[in-house]
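Enquirer: Sending over a structure as structure tokens; questions will come in a sec.
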Amino acid sequence: MGSQSDWPTMKCAARVLDQLGVEHDDRIVSAHRTPDRLHAFGKGAADDGFKVIIAGAGGAAHLPGMIAALTHLPVLGVPIQSRALSGLDSLLSIVQMPAGIPTGTLAIGEAGATNAGLLAASILALSDDALARRLQDWRAAQTGTVAETPSDK
Ligand code: RP5
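The working numbering numbers the first residue of the sequence shown as -15 and each following residue consecutively.
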């Protein structure tokens, strides 16, 4: 993620990966404030054993696209809900990538972070049958939480 301030949102991705038993490494890498860290991380990610990268950033959200420019690994971008423009700035910064450097773009905020975790797990599950079963179980459990009728709690 681009900042410590992104962590409350990006925790949602970490939480779902924990639930699915997927190992993850949570880091702050800012495209603007730590460009050398960004370059080293993006260039080294594949050799360092990463398989999928979830990049959350807000405002002028260049982090996902810049990481995608530096690695062939799949990059999933999460637009953080910014204070000034509610995340529309983040969304547009991430989604409009030029042809040739794909960056998957999720929804703004916590839903996007949760779904980025699930999507990363789906990608990893293509070559991990046990994870595929855990993912199916997770989805079934979610379905089981949805009541057929509303209640006054
Ligand atoms: C981006 O700037 C970060 O991803 C964050 O969403 C936004 C604001 O960062 P802070 O000023 O809160 O550190 O780089």
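Even glycine gets a Cβ: it sits at the ideal position worked out from N, Cα and C.
Owing to the predicted nature of the structure, the values given are computational and were not obtained by experimental measurement.
Can you grab the Cα-Cα spacing for the pair Ala109 / Leu115, in whole Å?
Expert: Distance between the alpha carbons of Ala109 and Leu115: 5 angstroms.
Enquirer: Can you list, in chain order, the stretches of the alpha helix (DSSP H) that have 4 or more residues and sit fully within the segment 10 to 76?
Expert: List check, alpha helix (DSSP H) in window: 19 to 28 and 47 to 54.
Enquirer: At a cut-off of 8 angstroms, would you count Met81 as near the ligand RP5, judging by its Cβ distance to the nearest heavy atom?
Expert: No - the ligand RP5 has no heavy atom lying nearer than 8 angstroms to the Cβ of Met81.
Enquirer: Residues around the ligand RP5, please: the ones whose beta-carbon is closer than 5 angstroms to some heavy atom of it, in chain order.
Expert: My final list is Gly(-14), Ser(-13), Ser(-11), Asp(-10), Ala41, Gly42, Gly43 and Ile64.
Enquirer: Taking 9 angstroms as the cut-off, decide whether the C-beta atoms of Ala105 and Val0 are in contact.
Expert: For Ala105 and Val0, yes; Cβs fall inside 9 angstroms.
Enquirer: Would you decide whether Leu72 is buried or exposed? Buried here means 16 or more other CB atoms lie within 10 Å of its CB.
Expert: When all chains shown are included, Leu72 counts as exposed.
Enquirer: Which of the three DSSP states, helix, strand or coil, is assigned to Thr133?
Expert: Thr133 falls in the coil class under three-state DSSP.
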